[in-house]
Amino acid sequence: MLLNSIVQSLPTTSSAESTLRATIQALLVHPEFLFRVETIDGSAGPELAPHDLATRLAYFIWASCPDEALANAASHGELASSSGRAAAVDR
Numbered sequence: 005m006l007l008n009s010i011v012q013s014l015p016t017t018s019s020a021e022s023t024l025r026a027t028i029q030a031l032l033v034h035p036e037f038l039f040r041v042e043t044i045d046g047s048a049g050p051e052l053a054p055h056d057l058a059t060r061l062a063y064f065i066w067a068s069c070p071d072e073a074l075a076n077a078a079s080h081g082e083l084a085s086s087s088g089r090a091a092a093v094d095r
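Here this note's numbering is used: the first residue of the sequence shown is 5, the next is one more, and so on.
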């Protein structure tokens, strides 16, 4: 979908800067960029990869990227359990 927007804007733009600007605008207003989309049946959707979970935790709790300890916890699979996630949050 995003690629289609880019391809459609190419003939109408006069420069690479205009194309890049249109691409960034399309990306920033895309619903999957702005919102976490829930499924109709209420299921949780696809499981997050460990490092994606670490990133979400870090930005939600500390408003920053994952630190070394949280990244290591993700690498070692410690965030897969609720007790591992609780330990990461409580530290």
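The beta carbon of each residue, even a glycine, is placed where N, CA and C say it ideally should be.
Residue i (DSSP reduced to helix, strand or coil)
i, result
"P35", "helix"
"P70", "coil"
"D94", "helix"
"E51", "coil"
"I65", "helix"
CA-to-CA distance, residue j to residue i, given in whole angstroms
i, j, result
"V93", "E36", "26 Å"
"V11", "T59", "31 Å"
Spatial neighbours of residue i in its chain, beta-carbon cut-off 8 Å, leaving aside the 5 residues before and after
i, result
"A78", "P54, H55, L57, A58 and P70"
"R95", "A73"
"A84", "P54"
Cβ neighbours of residue i in the same chain (closer than 7 Å, five flanking residues each side left out)
i, result
"I65", "V93"
Residue from the options whose Cα sits closest to the Cα of residue i
i, options, result
"L74", "L32, A26, V33 and L61", "L61"
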